[in-house]
Amino acid sequence: MKGGDDPNHQQRHILPRVRTPEARLRWRIFWVAFLVRLVYMTLAHQYKMRLVEDHFQFGWEAGRIARALVTGYGYADPFANIFVAHTGPTAWLPPLYPLLVAGVFKIFGVYTLASSWVLLAINCVLSAATAVATYEIGTRCCGPSVGLWAGWLWALYPAFMQYAVHWIWEMTVTTALFSWVLVLALRMREDGTHATRRWALFGLMWGAIGLSNSTLLAFLPICGLWILLKRRNDLARAVLAAVIFLACITPWIGRNWQVFHTFIPMRGNLGAEMMLGNGPGSNGLLMEYDHPFQDATQLRQYASMGEVRYVAMRGAMAKAFIAQDKPHFYADCLKRVFFFWAGVPHPADHAWIVEYGRVVSFSFLSVCGLLGLALALHRGVLASALFFWAFLLLPMTYYAVTVHARFRHPLEPLICVLGAYLFQSADRSRVWSWQKKSS
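If you read the sequence shown in the numbering used here, its first letter stands for residue 49, the second for the next number, and so on.
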């Protein structure tokens with residue numbers, strides 16, 4: 049009998065595919081996470097950005113670059129304002145998020161409420177997708193109970209949704225990409241099927257991560273090697289992934305060479321950031337008062353010198369100051385380690401109870417994640433070594449340069465999983481025994 053005459057063959061193609069309970073659970077987590085974020089963002093008017101400084105808080109440098117792209121000035125003008133209309137070409141930010149903002153501006157208008165709502169709605173979609181990735185990471189590494197708790201925690205815990213509903217910036221995009229590349233790595237290591245396709249996707253996703261937040265690229269070699277330790281026959285496919293990754297980032301590097309006549313791999317602001325984090329008067333925090341978007345003198349220097357010369361000048365100043373007072377630099381680095389995990393102090397205009405609650409919540413999540421990681425390493429949980437390298441490498445640049453609370457966000461899906469694992473691993477028999485003794 050031919051396949052076309054087989055009634056079972058026909059039935060498989062005619063009847064709709066029935067979703068498994070697992071698939072329904074994933075979709076439930078996604079839709080709850082998405083709707084909670086979207087409804088809050090809309091009803092709380094989070095999309096109504098402050099209009100101060102000519103809409104600068106609408107995407108900050110990314111918004112300025114997007115405006116320049118839409119209005120015909122190219123990838124430029126990250127600090128343009130009402131006094132300095134154009135500040136010249138830039139590589140201050142990698143291009144993925146500014147291009148996304150520019151696409152939304154092109155359709156819905158520059159700095160409009162509609163554009164703000166759409167960009168935050170995109171954040172809501174990506175953050176909800178991260179909830180599903182968090183669920184899968186927890187399930188694959190720690191079991192279904194941990195996966196379920198981690199997925200719903202990401203979906204519903206306010207601290208995990210704050211950037212999606214409020215910030216027009218790259219954190220939500222980067223976190224979604226990073227969480228899903230971890231899911232992909234877990235699938236590739238455990239299951240050798242579709243190997244070529246998965247390695248190609250691996251290279252593509254890391255290319256997107258590099259064009260969104262290049263700091264995470266420090267983790268790329270570790271992630272690839274971790275897969276190859278189990279899939280040693282996939283070396284040729286890993287080379288394919290590397291070629292695809294390079295194909296993703298090469299146009300941006302080529303553009304920078306053509307515009308600035310120098311090699312700028314992903315972003316060109318390191319020297320300026322070093323000075324803002326380690327210059328005279330530094331205390332471990334970013335000295336925003338000396339930033340071109342706040343200080344008129346710095347802005348004039350940036351615009352007149354051009355970005356490359358300005359960044360080189362500021363970098364040389366930072367290196368000279370660090371060499372002059374290395375103990376001060378080391379002390380600032382230790383402070384930044386603390387701030388990365390315990391929370392960055394907010395301006396004094398916050399009510400003390402709000403600031404206290406924020407610090408407690410931020411620190412509690414870090415402690416739970418770190419203790420969960422230690423327990424997972426001790427017990428040899430799948431991918432615990434990979435998670436260790438992520439916790440070690442992702443913050444390293446920030447320790448030396450500058451730190452914000454949002455810099456921890458790409459690690460937060462892992463913090464969520466490991467925190468859930470920590471509490472799910474509690475010895476209930478001892479708790480019950482203690483309760484019986486106390487009664």
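For glycine and all other residues, C-beta sits at the position ideal for the given N, C-alpha and C. Note that the coordinates shown come from a computational prediction; the quantities given were computed from them, not determined experimentally.
Assignment of beta-bridge partners to A124 by DSSP yields P137. Burial is judged here by how many other beta carbons sit within 10 angstroms of a residue's own beta carbon; Y358 has at least 16 and is buried. Relative to V307, the option among E355, A169 and T160 whose CA is nearest is E355.
Rounded to the nearest whole angstrom, the CA to CA distance from R237 to K367 is 42 Å. In this structure V149 touches G107 by the C-beta definition: roughly 6 Å separates them, less than 8 Å. For the segment 436-463, not one full-length beta strand (DSSP E) segment reaches 3 residues or more. In this structure, the beta-carbon distance from G186 to G199 falls below 8 Å.
Rounded to whole angstroms, the separation of the alpha carbons of I292 and P206 is 37 Å.
Pairing A116 with Y159, the inter-Cα distance amounts to about 12 Å. Taking C-beta separations shorter than 6 Å and ignoring five residues to either side along the sequence, the partners of A212 in its chain run R85, N171, C172, S175 and T220, following chain order. In the assembly as shown, T310 is an exposed residue. Its beta-carbon has fewer than 16 other beta-carbons within 10 Å. Setting aside the 5 residues that flank it on each side, F267 is surrounded in the same chain by W437, A438, L441 and L442, each with a C-beta closer than 8 Å to its C-beta; the list follows chain order. For L264, the CB contacts under 8 Å within the same chain, skipping 5 residues up- and downstream, are T222, F226, I257, G258, L442 and P458 in chain order. If you check the CB distance, W202 and A92 do not come in under 8 Å. Taking a cut-off of 8 Å on C-beta distances, the segment 298-307 does not touch the segment 269-289, as fewer than three cross pairs fall below it.
DSSP places R348 in the helix class (H, G or I) of the three-state scheme. The DSSP-derived three-state label of R285 is helix.
Under the Cβ criterion (8 Å, minimum of three pairs), the segment 127-142 does not count as touching the segment 68-75.
In this structure, the beta-carbon distance from V180 to R98 does not fall below 8 Å.
Across the set W247, N326 and A468, the C-alpha of N326 shows the shortest separation from the C-alpha of A371. G363 is positioned such that its CB atom lies no closer than 8 Å to that of M314. With 16 or more other Cβ atoms inside 10 Å of its own Cβ, F78 counts as buried. In the DSSP annotation of this structure, the continuous segment of the alpha helix (DSSP H) that includes D380 starts and ends at K374 to A390. By the CB criterion at 8 Å, A424 and S414 fall outside the cutoff.
In this structure, the alpha-carbon of A248 lies about 34 Å from that of G319. In this structure, H452 lies near V392, with their beta-carbon atoms less than 8 Å apart. The DSSP assignment places complete alpha helix (DSSP H) segments of no fewer than 4 residues inside the segment 211-292 at 219-238, 243-260 and 268-278, in order along the chain. Collapsing the DSSP output to three states places D102 in a helix.
Taking C-alpha positions only, F387 is separated from A448 by approximately 12 Å.
Look at Q306 here: in three-state DSSP terms it is helix. S164 and A124 have their C-alpha atoms spaced approximately 21 Å apart.
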